[in-house]
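Enquirer: Got a structure here, written out as structure tokens. Questions coming.
Below you can see the structure in the form of structure tokens.
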């Protein structure tokens, strides 16, 4: 891993700009950090977050609108940005997550069952 070199573009592939919300997940899923995907290419992406010092060299990235997570490896970092390469994709499978468990998306109020008239 190297420190970010300002003004030097070392990308192999063309990037596309975006500003998508995501979560950096690490520590066996016990720690998360909100971030934004600033741009991406076929070989990597640039993330913006408040504190990059807590992020380990390998982490899971879960975009807000995704049903899968990306296993990422840090290639560079600055105090507020991380450059990473996606090394694998994994399906989300959290029981308590409304994106992973379709039955939680259409939960109906149960007030009638709890409080019969």
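Numbering (our numbering), first residue to last: 8 to 124. Don't be surprised by glycine CBs; every beta carbon is placed ideally from N, CA and C.
Where DSSP assigns a beta bridge to residue 98, which residues make up the other side?
Expert: The residue labelled residue 98 in the question sits at position 91 within the chain shown. Residue 98 is bridged to 75.
Enquirer: Do you know whose CA, among 40, 54, 25, 41, lies nearest residue 93's CA?
Expert: Translated into the one-based positions of the chain shown, residue 93 becomes position 86. Minimum Cα distance to residue 93 is reached at 54.
Enquirer: Let me check one thing: in DSSP terms, what residues is residue 39 bridge-paired to?
Expert: Position 32 of the chain shown holds residue 39. Residue pairing for residue 39: DSSP places it in a beta bridge opposite 32.
Enquirer: Is residue 26 near the ligand HEM - that is, is its Cβ less than 8 Å away from at least one heavy atom of it?
Expert: The ligand content of the structure shown is nil, which means the ligand HEM is not present either.
Enquirer: Can you tell me whether residue 51 is helix, strand or coil according to DSSP?
Expert: The residue given as residue 51 occupies position 44 in the chain shown. It is coil, neither helix nor strand.
Enquirer: Considering only residues of the same chain and omitting the five flanking positions on each side of residue 96, which have a CB-CB separation below 8 Å?
Expert: Translated into the one-based positions of the chain shown, residue 96 becomes position 89. Once the five neighbours on either side are set aside, the close Cβ partners of residue 96 are 75, 76, 77, 78.
Enquirer: My assumption, with CB atoms under 8 Å, is that residue 57 sits in contact with residue 82. Please give the rounded CB distance.
Expert: Looking up residue 57 in the chain shown gives position 50. Looking up residue 82 in the chain shown gives position 75. In fact, because the Cβ distance is near 20 Å, the residues do not count as touching under 8 Å.
Enquirer: Give the straight-line distance between the Cα atoms of residue 25 and residue 89, rounded to the nearest whole angstrom.
Expert: On the chain shown, residue 25 is found 18 positions in, with the first residue counted as 1. On the chain shown, residue 89 is found 82 positions in, with the first residue counted as 1. Each residue's alpha carbon lies about 15 Å from the other.
Enquirer: When you compare only the Cα positions, how much space is there between residue 31 and residue 84?
Expert: Taking the chain shown and counting its residues from 1, the one referred to as residue 31 is at position 24. Taking the chain shown and counting its residues from 1, the one referred to as residue 84 is at position 77. So the two alpha carbons sit approximately 14 Å from each other.
Enquirer: What is the residue span of the beta strand (DSSP E) that residue 87 lies within?
Expert: Against the chain shown, residue 87 aligns to sequence position 80. Taken as a continuous stretch (DSSP letters only), residue 87 belongs to no beta strand (DSSP E), as it is neither H nor E.
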